[in-house]
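According to my numbering, the sequence shown holds residues 54 to 267 in order.
Backbone N, C-alpha and C define an ideal beta-carbon position, used for all residues, glycine too.
Note that the structure is a prediction, hence the values are computed from the model and not measured.
Worksheet: the structure to be examined is printed underneath.
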Amino acid sequence: MSRTNDIYKPALEKAKLPILTLDNNWHKLFTQTEETAEIRKLEKKLNELLKSQGRVTTEEKKLKAVKRKLMDEIIQLADHYGGDRDDMIQKAMDRHREMVEECNDRLKALREENGNIPEQIEETNYQLMLRTMELCYKRLEENRKEIEYCEGWIEETRAKLRETMVRKQERETSTYELYTYMHNIFGRDVIDIFDMHYHPEKFRPKKKEEGYID
């Protein structure tokens with residue numbers, strides 16, 4: 054069983070998922086890793102579904118407002134019914150009723166058009182979440198392996214550096230002692246003949262507080 058089916062799906066089924074393309078944090082994920090073609094495809098599909106839903110919702114609100122206005126005007130016309138202008142009022146009421154029916158027909162069409170858009174949005178968003186989790190997990194694994202490699206390299210380099218510093222320290226101690234013994238035995242004049250211009254203090258063994266390595 055894949056990691057998606059085995060781990061992500063059971064966990065995400067219980068989670069309340071945000072609409073990813075509307076979440077700025079989701080977009081920030083891709084400053085750390087590159088979107089795949091499948092993620093771009095799902096992102097585009099989800100945005101198109103959201104756009105369609107938004108258009109339907111906006112038109113539905115406008116139609117409902119128009120319908121309310123027409124119904125209010127029908128009531129107002131009915132209040133004036135029963136006089137010399139009844140024919141004109143009746144015609145106006147009939148026109149308003151026709152427009153109300155047109156609004157109803159359009160609202161019905163919009164509901165049918167909207168149809169299963171909410172379910173499509175939920176499913177597309179869910180699939181986008183799965184693909185995102187897969188991609189991020191892959192990047193996290195790559196990062197983990199690189200971090201482990203770097204840690205190993207640092208430890209190895211630190212060990213080599215310590216070893217090199219110890220060798221240097223041993224050579225400095227040997228140099229200091231050789232020079233000191235030779236100086237004590239032969240004197241500066243003899244040492245100068247051989248052009249041995251060493252500076253004893255430069256190679257004097259350091260104390261621990263000065264950086265001596267045990």
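Please classify residue i: is it buried, with 16 or more other beta-carbons within 10 angstroms of its beta-carbon, or exposed?
i	result
Met54	Bear in mind that the predicted position of Met54 carries a pLDDT of just 39, short of 50, making it too unreliable to give a figure here.
Glu96	buried
Arg184	buried
Ile128	exposed
Cys203	exposed
Leu141	One detail in the question is off: residue 141 reads as Met in this sequence, not Leu. Flag for Met141 reads exposed.
His133	exposed
Leu123	buried
With residue i as the anchor, note down where its alpha helix (DSSP H) starts and where it stops.
i	result
Asn94	Correcting the residue type first, residue 94 is Lys in the shown sequence and not Asn. First-last of the alpha helix (DSSP H) with Lys94: 90-132.
Gln143	139-167
Mapping DSSP to helix, strand and coil, what is residue i?
i	result
Pro71	coil
Thr217	helix
Gln173	helix
Met54	Caution applies to Met54, whose pLDDT of 39 falls short of 50 and renders its modelled position unreliable; the value that the coordinates give is listed next. If DSSP states are grouped into helix, strand and coil, Met54 belongs with coil.
Gln85	coil
Asp76	coil
Glu225	helix
Going by CA-CA distance only, name the one from the options that's closest to residue i.
i	options	result
Glu172	Thr210, Arg93, Lys69, Leu102	Leu102
Leu99	Leu188, Arg241, Ile174	Ile174
Glu165	His149, Thr226, Arg197, Gln106	Gln106
Glu91	Gln180, Glu154, Leu130, Thr110	Gln180
Ile154	Gln222, Arg108, Leu116	The displayed chain sequence assigns Glu, not Ile, to residue 154. Answer by Cα proximity: Leu116.
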